[in-house]
Amino acid sequence: MASLSEAKRLVVKIGSALLVDRDTGALRSDWLHALAADVARIKARGTDVILVSSGSIALGRGVLRLPPSDLALEQSQAAAAVGQIRLARAYEEALTPHGITTAQVLVTLEDSANRRRYLNSRATLETLVGYGVVPIVNENDTVATDEIRYGDNDRLAAQVAVTVGADQLILLSDVDGFYSANPAQDPNARRYDVIDKITPAIEAMAGDAGSGLSKGGMKTKLMAAKTATASGCAMAISDGFVLNPLQALENGAPTTWFTPLLDPHAARKRWIAAMKPRGTLVLDDGAARALGQGRSLLPAGVTEVSGSFGRGDPVVICDTSGRSLGQGLTRYTAAEARVIRGHRSDEIEALLGYPGRAALIHRDDMAL
45 MASLSEAKRL VVKIGSALLV DRDTGALRSD WLHALAADVA RIKARGTDVI LVSSGSIALG
105 RGVLRLPPSD LALEQSQAAA AVGQIRLARA YEEALTPHGI TTAQVLVTLE DSANRRRYLN
165 SRATLETLVG YGVVPIVNEN DTVATDEIRY GDNDRLAAQV AVTVGADQLI LLSDVDGFYS
225 ANPAQDPNAR RYDVIDKITP AIEAMAGDAG SGLSKGGMKT KLMAAKTATA SGCAMAISDG
285 FVLNPLQALE NGAPTTWFTP LLDPHAARKR WIAAMKPRGT LVLDDGAARA LGQGRSLLPA
345 GVTEVSGSFG RGDPVVICDT SGRSLGQGLT RYTAAEARVI RGHRSDEIEA LLGYPGRAAL
405 IHRDDMAL
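Quick note: the sequence shown uses the working numbering, first residue 45, plus one each step.
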């Protein structure tokens, strides 16, 4: 069973009902500040932390005095616009006293479905955590329409965990785990401590019931677990209503852990290797040796570029004899790669007329 104390990169999903009082529509400031203390303690031991937070619509609904019933799309978007700025400010005020910088990252389903935008999101999040920032991620409800929505932050959190290569995902919710039936309706329902495989029988146990403020039910949490575990990320469903919920989880609070199927890095490498390549890069001997030592591919080591590919597309990496060394996701188009091949990274801006990334293919985006 996974242990939160062992996490190297942690994604925490926070539901609306935890952040916003359902009766008053006000932010639960005491709870948020207790969570901030948890985050600071976890970061202090070297763990990267990313928060996926609901709450913008719930906060905006209260400010605009909208009814508790389902809202029309334009009402939801207006509530999100009002609530999002309050949500971001609340996190900033809670984490700043701990010396933690926050960043707001708003995404839609398109940002993970489109490979180029996926790589942009990944690069942004990687850079932020590299600077020690805690990103606060939410769906961009202000502009998202049904066809470009995740629809719930459970699945969004799972996608974020996959994007950043997290090894653990915690869904803080209004339930303390996965049950064989709805515990509010069935006194004989039992909670699972560990689920190693999501079987059809497990899926049949999931219900649709959710809280008054959140859209996610147990089915969406199972969908999130499928996404996360398939990419090597352990996932937990845990009660978030207690103060310091992450500390409570570490101290043995009831929860359900879903076991990852693969190591997260191995899962990503397998995904890259399975893609259909769109082009080929030929490397000189020095670059080929550097890749074998776990380094990224720089433009200076590329001697030939063939094929027609866009940024984020998979390409085959070969040595001078034509032997395939592996496959990777390029950060440049074929046309750009032809211009910068053989040149140092500090020459890229002068060659292309705009700043570029130092690596043509980052080592995390290669399967050798």
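Backbone N, C-alpha and C define an ideal beta-carbon position, used for all residues, glycine too.
Notebook entry, point to check: Using a C-beta cutoff of 8 Å, does arginine 105 count as contacting chain B?
Noted result: In the structure shown, chain B does not exist; there is a single protein chain.
Next item on the list: At 4 residues or longer, and completely inside the segment 310 to 392: list those alpha helix (DSSP H) runs for me, N to C.
Entry: 329 to 336 and 378 to 384
Item checked: Spatial distance of tryptophan 75 from asparagine 288 (CA atoms) -> The residue given as residue 75 occupies position 31 in the sequence shown. The residue given as residue 288 occupies position 244 in the sequence shown. Distance between the alpha carbons of tryptophan 75 and asparagine 288: 7 Å.
Checklist line | Chain-order list of residues whose beta-carbon lies under 6 Å from that of isoleucine 384 (same chain, five-residue window excluded) | finding: The residue labelled residue 384 in the question sits at position 340 within the sequence shown. These residues qualify, in order along the chain: Pro343, Ile392 and Leu395.
Check: Taking all protein chains shown into account, do 16 or more other C-beta atoms lie within 10 angstroms of the C-beta of glycine 256, making it buried, or fewer, making it exposed?
Finding: On the sequence shown, position 212 is the one that residue 256 refers to. Confidence in glycine 256 is poor, its pLDDT being 35 and thus under 50, which makes the residue's placement unreliable; the coordinate value appears in the next sentence. Flag for glycine 256 reads exposed.
Check: Grouping DSSP H, G and I as helix and E and B as strand, with all else coil, what is threonine 243?
Finding: The count along the sequence shown starts at 1 and reaches residue 243 at position 199. If DSSP states are grouped into helix, strand and coil, threonine 243 belongs with coil.
Next item on the list: Using three-state DSSP, classify tyrosine 135 as helix, strand or coil.
Entry: Here residue 135 refers to the residue found at position 91 of the sequence shown. Helix, per DSSP.
Check: In terms of residues, what are the limits of the beta strand (DSSP E) holding isoleucine 86?
Finding: Counting from 1 along the sequence shown, the entry for residue 86 is found at position 42. Note, isoleucine 86: premise wrong, no beta strand (DSSP E); alpha helix (DSSP H) at 73 to 88.
Notebook entry, point to check: By the 10 Å Cβ neighbour count, where 16 or more other Cβ atoms means buried, how is alanine 233 classified, buried or exposed?
Noted result: Position 189 of the sequence shown, counting from 1, holds the residue named residue 233. That one is exposed.
Notebook entry, point to check: Which first and last residues belong to the alpha helix (DSSP H) in which arginine 161 is found?
Noted result: Your numbering for residue 161 matches position 117 in the sequence shown. Residues 159 to 174.
Next item on the list: Excluding the 5 residues preceding and the 5 following serine 113 in the sequence, name in chain order all residues of the same chain whose CB lies nearer than 7 Å to its CB.
Entry: Translated into positions along the sequence shown, residue 113 becomes position 69. Excluding positions up to five away in sequence, the list is empty.
Next item on the list: Using DSSP bridges, identify the partner residues of lysine 57.
Entry: Residue numbering aside, residue 57 sits at position 13 when the sequence shown is read from its first letter. DSSP lists Val96 and Leu215 as partners of lysine 57.
Margin query: Quick check: the Cα distance between glutamate 247 and asparagine 197, rounded to an integer number of angstroms?
Written below: By 1-based counting over the sequence shown, the position of residue 247 is 203. By 1-based counting over the sequence shown, the position of residue 197 is 153. Roughly 19 Å between the two C-alpha positions.
Margin query: Check for me: the beta strand (DSSP E) holding aspartate 471 runs from which residue to which?
Written below: Nothing about residue 471 can be read from this structure; the chain reaches only from 45 to 412.
Item checked: As assigned by DSSP and simplified to three states, the class of leucine 48 -> Stepping through the sequence shown from its first residue, residue 48 is reached at position 4. Leucine 48 falls in the helix class under three-state DSSP.
Next item on the list: Round the Cβ separation of glycine 372 and methionine 410 to the nearest angstrom and send it over; I've been treating them as touching at under 8 Å.
Entry: Here residue 372 refers to the residue found at position 328 when the sequence shown is read from its first residue. Here residue 410 refers to the residue found at position 366 when the sequence shown is read from its first residue. About 4 Å separates the two Cβ atoms, so the contact holds.
Check: From which residue to which residue does the beta strand (DSSP E) around threonine 299 run?
Finding: What you label residue 299 is simply residue 255 of the sequence shown in a count that begins at 1. 299 to 302 is the extent of the beta strand (DSSP E) around threonine 299.
Item checked: Counterpart residues of proline 179 in DSSP-defined beta bridges -> Within the sequence shown, the letter at position 135 stands for residue 179. DSSP, once it has assigned bridges, lists Ala147 as partnering proline 179.
Notebook entry, point to check: How would you call aspartate 357, buried or exposed, if buried means at least 16 neighbouring beta carbons within 10 angstroms?
Noted result: Counting from one through the sequence shown, the residue named residue 357 turns up at place 313. Classification for aspartate 357: buried.
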